[in-house]
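Order-wise, the sequence lines are chains A and B. Residue numbers 1 to 273, in my numbering, belong to the letters of the first sequence in order. Residue numbers 1001 to 1273, in my numbering, belong to the letters of the second sequence in order. Don't be surprised by glycine CBs; every beta carbon is placed ideally from N, CA and C. Computed from a prediction, not measured in an experiment: that's the story for all the values here. Structure first, then comments.
2 protein chains.
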Amino acid sequence: MSFLAKYDNAVQRNDSFVCVGLDPDMTKLPEHLLGTPNPMRAFLTDIVAATRDIACAYKPNFAFFGAQGLAGWEALQGTIDAIPQDLPIVLDFKAGDIGNTAEHYAAMAYRQLGVDAVTVNPLMGTDAIAPFLAYQNGCAFLLCLTSNPGSADVLRLNTERGALYEVLAQQAVHWSQTGPCGLVVGATHPDDLSTIRAIAPDLPILLPGIGAQGGEIRTVIQNGLNRNGSGILVNASRSILYASRGADFAEAARQAAETLRQMLNSAREKMRK
Amino acid sequence: MSFLAKYDNAVQRNDSFVCVGLDPDMTKLPEHLLGTPNPMRAFLTDIVAATRDIACAYKPNFAFFGAQGLAGWEALQGTIDAIPQDLPIVLDFKAGDIGNTAEHYAAMAYRQLGVDAVTVNPLMGTDAIAPFLAYQNGCAFLLCLTSNPGSADVLRLNTERGALYEVLAQQAVHWSQTGPCGLVVGATHPDDLSTIRAIAPDLPILLPGIGAQGGEIRTVIQNGLNRNGSGILVNASRSILYASRGADFAEAARQAAETLRQMLNSAREKMRK
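See the structure below:
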């Protein structure tokens, strides 16, 4: 099943735009898990079990696994394997390299780890992206305007063809004729989101930055939805994962994800009226 | 010992600007190694032993290890451990993410794997780079103008402050006031290299694209060296690693690295006259 089919299914079934970001920070894990053989894996397996009927997708963030070496890789693979087959997984990796190398990153994501989509950095241009587009059941989420303050340094530069993030959105529409892709737009830039949605009416948009980074839910929904009232993945990581550090962490995570789901849906309902 | 001290030492001792790129492609390894417990690791350990008195640095390319999962991670760690302590290692990862995540990528590179430098994608701006600059003994090689044809798509866009790659070179000079950084410039763009060297006279420049990608040695030396006649790492991967697929692969790799070393040094000598 393709990424897009899994996403559409999950949005419908769980009535949700919540993407649960999996950023397992060893310094923030519940203490009672620290004695288990692989605390990250134990933690995330419980998080997934507690949110699988609330999420429209999961987004493991490679950095947090990579920082733990072999144990981190095992936790990443174990977590991916614990996510139900019909829920889409976006590997957050920001991959970007020359074609020959990009092929190996695509193989790592799609064949070795078995995810459904991957975040891709478009700085190196077409041939760095093509190996990801070749996976017709996947989806390459291309960085467009990221959630961090520093995004202005480069992504907002004015070019001969408009602001760089606008150029990247245009390019993504062009690249999407070759293979499935989407955009990454920080929820911290809700006003720019309407410009980007106008450039790319049909691309799925991954929106990080809602929870700990403070993005605004209402404007995100208003400006982000496509003409079918869908097409967004609103990611929250820390605000869900670390809602509690006690033995009730999974239940607290479920509550945080459910609250976000309801806030997003309520903003959508208000728009329809 | 810092990256820069190791680099300066190695350039002097081995009289070399050759950076040996470690891109272990499972489909190209010598057949007699395929039956060993970890063929990648066996292959690269021999490559390192055969070139350690010729190289000024090693550059493992994460994609090729990542595509092999756990075995790949073990090969990467084993290879890093097999490289002599006084030779610098650049992890080619093209890392780039928001600050909180970038901290974990920096920890993966510098603490978990124990490398001396890392390639970094600057698209996301200052706060995505700062966690790498915080390692004062490391070096963040920032993408400037990459070796691939697609580099023109984005990196050559004209902005309000010049071509994007020029802006990135200027930014790198600015960022280098905070912590050690360098630039990645494809050896396939020797003419642009003089522009970049003029903008960043003191930054080390990593130059991929000489071997399989066809960069020109003479112009690279002419335009790339700093005022001390140093400051470049000329990377070759495939042309060294796969010089032979037979039992003599390590000796053939040594010969290929030695030939490149001599060509670079001979171009430098001609410049001096």
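Rounded straight-line distance, which links the Cα of residue j to that of residue i
i, j, result
"residue 107 (chain A)", "residue 194 (chain A)", "34 Å"
"residue 1217 (chain B)", "residue 205 (chain A)", "43 Å"
"residue 7 (chain A)", "residue 182 (chain A)", "12 Å"
"residue 45 (chain A)", "residue 246 (chain A)", "16 Å"
"residue 1228 (chain B)", "residue 1065 (chain B)", "36 Å"
"residue 330 (chain A)", "residue 1154 (chain B)", "With chain A covering 1 to 273 only, the question about residue 330 (chain A) has no answer from this structure."
"residue 1168 (chain B)", "residue 1122 (chain B)", "8 Å"
"residue 1048 (chain B)", "residue 196 (chain A)", "48 Å"
"residue 173 (chain A)", "residue 1032 (chain B)", "47 Å"
"residue 57 (chain A)", "residue 1025 (chain B)", "32 Å"
"residue 200 (chain A)", "residue 170 (chain A)", "7 Å"
"residue 1139 (chain B)", "residue 112 (chain A)", "30 Å"
"residue 257 (chain A)", "residue 1115 (chain B)", "38 Å"
"residue 233 (chain A)", "residue 1223 (chain B)", "47 Å"
"residue 158 (chain A)", "residue 207 (chain A)", "23 Å"
"residue 1117 (chain B)", "residue 1260 (chain B)", "23 Å"
"residue 34 (chain A)", "residue 244 (chain A)", "15 Å"
"residue 1219 (chain B)", "residue 1137 (chain B)", "31 Å"
"residue 80 (chain A)", "residue 1002 (chain B)", "37 Å"
"residue 275 (chain A)", "residue 28 (chain A)", "Chain A is shown only over 1 to 273; residue 275 (chain A) falls outside these bounds and no answer can be derived."
"residue 1149 (chain B)", "residue 1192 (chain B)", "14 Å"
"residue 1059 (chain B)", "residue 12 (chain A)", "46 Å"
"residue 1198 (chain B)", "residue 1235 (chain B)", "21 Å"
Contact list for residue i against chain B, beta-carbon separation under 9 Å
i, result
"residue 228 (chain A)", "Residues of chain B passing the Cβ test: none, with the nearest at roughly 30 Å."
"residue 69 (chain A)", "1073, 1077, 1108, 1112, 1113"
"residue 11 (chain A)", "Under the 9 Å cutoff, chain B gives no residues; its nearest Cβ is about 26 Å from residue 11 (chain A)."
Contact set for residue i: own chain, Cβ-Cβ below 7 Å, skip 5 residues either direction
i, result
"residue 1221 (chain B)", "1264, 1267, 1268, 1271"
"residue 1151 (chain B)", "1145, 1186"
"residue 1050 (chain B)", "1250, 1251, 1253, 1254"
"residue 131 (chain A)", "99, 102, 103, 106"
"residue 176 (chain A)", "203"
"residue 1069 (chain B)", "none"
"residue 1231 (chain B)", "1204, 1205, 1225"
"residue 53 (chain A)", "14"
"residue 241 (chain A)", "23, 47, 253"
"residue 1110 (chain B)", "1135, 1138"
Chain A residues whose Cβ lies nearer than 9 Å to that of residue i
i, result
"residue 1081 (chain B)", "Per Cβ cutoff of 9 Å: no residues; residue 1081 (chain B) is ~12 Å from chain A at best."
"residue 1061 (chain B)", "97, 101, 104"
Neighbouring residues, chain A, relative to residue i (Cβ below 8 Å)
i, result
"residue 1064 (chain B)", "101, 104"
"residue 1008 (chain B)", "Ordered by position in chain A, no residue passes the 8 Å Cβ test against residue 1008 (chain B), which lies about 28 Å from the chain."
Residues of its chain near residue i, where Cβ-Cβ distance is below 6 Å and the 5 sequence neighbours each way are ignored
i, result
"residue 1163 (chain B)", "1156"
"residue 82 (chain A)", "45, 48"
"residue 161 (chain A)", "167"
"residue 94 (chain A)", "119, 121"
"residue 1030 (chain B)", "1245, 1249"
"residue 78 (chain A)", "41"
"residue 1165 (chain B)", "1144, 1145, 1155"
Partners in chain A for residue i, counting only beta-carbon separations shorter than 7 Å
i, result
"residue 1216 (chain B)", "What residue 1216 (chain B) touches in chain A: nothing, since even the nearest Cβ is about 18 Å away."
"residue 1220 (chain B)", "In chain order: nothing, as chain A lies at least about 17 Å away."
Per-residue contacts from residue i into chain B (C-beta, under 7 Å)
i, result
"residue 48 (chain A)", "The premise fails here: residue 48 (chain A) is roughly 20 Å from chain B at the closest Cβ pair, so nothing lies under 7 Å."
Own chain, CB closer than 8 Å to residue i, minus 5 neighbours either side, in chain order
i, result
"residue 1074 (chain B)", "1038, 1041"
"residue 1097 (chain B)", "1105, 1124, 1128"
"residue 71 (chain A)", "38, 40"
"residue 62 (chain A)", "76, 91, 92, 93"
"residue 1055 (chain B)", "1010, 1014, 1016, 1018, 1019, 1020, 1087, 1257"
"residue 141 (chain A)", "90, 117, 118, 119, 120, 181, 182, 183, 184, 204, 206"
Chain B contact residues for residue i, given Cβ-Cβ distances below 8 Å
i, result
"residue 157 (chain A)", "1159, 1160, 1161, 1164, 1167"
"residue 53 (chain A)", "What residue 53 (chain A) touches in chain B: nothing, since even the nearest Cβ is about 28 Å away."
Chain A contacts from the region 1159-1176 of chain B (Cβ-Cβ distance under 8 Å):
1159, 1160, 1161, 1164, 1167, 1168, 1171
Ignoring anything shorter than 3 residues or poking outside the region 1161-1215 of chain B, list the beta strand (DSSP E) runs there in chain order.
1181-1185, 1205-1207
Any C-beta of chain B within less than 7 Å: which residues of the region 109-124 of chain A qualify?
112, 121, 122, 123, 124
Contact list for the region 13-26 of chain A against chain B, Cβ threshold 9 Å:
23, 25
Contact residues within the region 86-98 of chain A, judged by C-beta distance below 7 Å to chain B:
94, 96, 97, 98
For the region 191-202 of chain A, which residues have a CB atom closer than 8 Å to at least one CB atom of chain B, in sequence order?
none
With 7 Å as the C-beta to C-beta threshold (strictly closer), list the residues of the region 1121-1151 of chain B near chain A in chain order.
1121, 1122, 1123, 1124, 1125, 1126, 1127, 1128, 1143, 1146, 1147, 1148, 1149, 1150, 1151
Can you list, in chain order, the residues of the region 1177-1188 of chain B whose Cβ is nearer than 8 Å to any Cβ on chain A?
none
Going along the region 1230-1250 of chain B in order, which residues come within less than 7 Å of chain A, judged by CB to CB distance?
none
List, from N- to C-terminal side, the alpha helix (DSSP H) runs of 4 residues or more that fit wholly inside the region 1055-1100 of chain B.
1062-1066, 1069-1082
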